[in-house]
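These protein sequence lines are chains A and B, in that order.
For what it's worth, my numbering labels the leading residue of the first sequence as 1, then goes sequentially.
For what it's worth, my numbering labels the leading residue of the second sequence as 1001, then goes sequentially.
By construction, the Cβ of each residue, glycine as well, lies at the ideal position given by its N, Cα and C atoms.
Protein chains: 2
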Amino acid sequence: MTGTLYVIGVGPGDPEQLTLKAVRILKTVKCVCVPKGREEGSSMALNIVKKVVDLDGKEIIEAHFPMRKTKTPAHACELDTKWNETVETVLGILNKGTDMAFITIGDPTIYSTFFYLYDRLLELNPLLPVEIVPGISSITASAARAKISLGLADEKIAVLPATYVHNIGMVLEHFDTVVLMKVHKVFDKILAELDAAGLAGKAFFISRAGMHDEEVVRNISSLKGKELNYFSMVIIKK
Amino acid sequence: MTGTLYVIGVGPGDPEQLTLKAVRILKTVKCVCVPKGREEGSSMALNIVKKVVDLDGKEIIEAHFPMRKTKTPAHACELDTKWNETVETVLGILNKGTDMAFITIGDPTIYSTFFYLYDRLLELNPLLPVEIVPGISSITASAARAKISLGLADEKIAVLPATYVHNIGMVLEHFDTVVLMKVHKVFDKILAELDAAGLAGKAFFISRAGMHDEEVVRNISSLKGKELNYFSMVIIKK
């Protein structure tokens, strides 16, 4: 019997945003896998879980995940080797019949690296038992803290990585709400685009929703030139 | 001291998808408000909560909410009166210093009627203490059951009510994933549009995600002419 891989969304930061189901499964499994700290989210997922579930005695696997940007062919090769090791490690544990929880901040279906692993696992074992356990996504958590609706009645919602900000005017012609993800590195450019489109006044900036150092900023021009947190987004409402 | 209005997303159906925070607040408050059973979601929200939290001794308010479609001017007037009663009842309880939980299926920021009430409450008391507690949305819960990612890396996501299906080809030129909400009444039309655009094979139908009678259908043509559940959506992935 192959073990089950539970893919668990642990929410955007507040441990109280874990679901009852996530907590039950995390208490039961003997092995927890988390992507290794290349992105800020990795250690964060483990820290969220630690505050609610006693991890003593559980095997914790910090696994390497593929990066999209590589420096040199040698670097790419090294990463590929590590990635193969990750896939082998995960499959090795599941093949022994051990259940495993793969934890990911937010929700697994919203920009989580898990799906890179999933594609590879399915190639090797198309019948692998996998259950995806939803978590609170940073998108709805941020809207909740800004106290705004993402959509009502017949409204349309667009979710875009910040790199598409140059199309923001076009998108807002067709959509009522636009959520810009991963804004921290390109915020000044976003601000300039929104200013040019006359939309800066309709935007909200939210960082680390629901955590002790969260920021909800209504006058986003005040953030110009500032260093911003990795967990930041902008929501524009027409 | 005015009481706090906690707006609580209770998830799409599975009581285990309640968050720890939602459960804590629901156990504490003395009064729970739920929109009256005009839409299928109302009694469902209460049923989800009942399975996890003992509601004995709590005041349950089933409140009338405005409808967008009214039959006659007299009907519109009657509904308006009831709506005013709802606003007065809620404000009356909060003004006595009693905390209240307003429960809504899914997440409060995703197409929840709560925001109709919120606008009205803010008009009457701009300083009303309101806390929005995120819930698992039907969107991510459905993607989890279909085992698909809604977005990865630089992908773009669009969320549309099914009424916009005639634009689906245009939207999919610019977006990687399209989520069509509220498809139950117009499914055959959606199927025809997707067929015409050559996209039916890239669509998933998900109904009542995570519940005992859930349906995840990969060959959506098989649903033609069938009566579908109110809690149904279609996700198209390019």
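C-beta neighbour in chain B for residue i, strict 8 Å
{"i": "I168/A", "result": "no"}
{"i": "P161/A", "result": "yes"}
Residue-level contact to chain A via CB, residue i, 8 Å cutoff
{"i": "T1081/B", "result": "no"}
{"i": "I1236/B", "result": "no"}
{"i": "D1230/B", "result": "It is worth fixing the name first, because residue 1230/B is Tyr in this sequence and not Asp. For Y1230/B, the answer is no, since every Cβ of chain A falls outside 8 Å of its Cβ."}
{"i": "L1091/B", "result": "no"}
Proximal residues of chain B, C-beta to C-beta of residue i below 8 Å
{"i": "E16/A", "result": "T1019, L1020, K1021 and R1024"}
Chain B contact residues for residue i, given Cβ-Cβ distances below 7 Å
{"i": "D107/A", "result": "T1140"}
{"i": "G110/A", "result": "Residue identity check: residue 110/A is Ile in the sequence provided, not Gly. The answer, in chain order, is T1140, L1150 and G1151."}
C-beta contact flag for residue i and residue j at 8 Å
{"i": "F1231/B", "j": "R1208/B", "result": "yes"}
{"i": "K51/A", "j": "C31/A", "result": "no"}
{"i": "G9/A", "j": "G210/A", "result": "no"}
{"i": "K1224/B", "j": "K1202/B", "result": "no"}
{"i": "A1143/B", "j": "T109/A", "result": "yes"}
{"i": "A146/A", "j": "I220/A", "result": "no"}
{"i": "A63/A", "j": "T86/A", "result": "yes"}
{"i": "L1124/B", "j": "L1094/B", "result": "no"}
{"i": "M233/A", "j": "L199/A", "result": "no"}
{"i": "I103/A", "j": "I1136/B", "result": "no"}
{"i": "T1113/B", "j": "P1035/B", "result": "yes"}
{"i": "L20/A", "j": "V1023/B", "result": "yes"}
{"i": "S149/A", "j": "G106/A", "result": "no"}
{"i": "V1178/B", "j": "V1171/B", "result": "yes"}
{"i": "I61/A", "j": "T89/A", "result": "yes"}
{"i": "L1026/B", "j": "V1007/B", "result": "no"}
{"i": "A158/A", "j": "A1074/B", "result": "no"}
{"i": "L1191/B", "j": "I1168/B", "result": "no"}
{"i": "L1018/B", "j": "G1011/B", "result": "yes"}
{"i": "Y1118/B", "j": "P1066/B", "result": "no"}
Chain-ordered neighbours of residue i on chain A, where CB pairs are closer than 7 Å
{"i": "S1137/B", "result": "T140"}
{"i": "I1132/B", "result": "A144 and K147"}
{"i": "Y1164/B", "result": "K156"}
Within chain A, partners of residue i - CB distance below 8 Å
{"i": "F967/B", "result": "For residue 967/B there is no data in the structure shown, the boundaries of chain B being 1001 and 1238."}
Q: Ignoring anything shorter than 4 residues or poking outside the region 9–65 of chain A, list the alpha helix (DSSP H) runs there in chain order.
A: 20–28 and 41–50
Q | Runs of beta strand (DSSP E) wholly within the region 63–120 of chain A (minimum 3 residues, chain order) | A | 100–104
Q: Would you check if the region 153–167 of chain A and the region 1160–1171 of chain B touch, i.e. whether three or more CB-CB distances between them fall below 8 Å?
A: yes
Q. Would the region 1090–1108 of chain B and the region 1129–1149 of chain B be scored as touching if the rule is three or more Cβ pairs under 8 Å?
A. yes
Q) At which residue ranges does the region 118–169 of chain A contain complete alpha helix (DSSP H) runs of 4 or more residues, listed in the order of the chain? A) 138–146
Q.
Please give me, in chain order, every unbroken run of the beta strand (DSSP E) with length at least 3 that falls completely inside the region 195–227 of chain A.
A. 203–207 and 215–217
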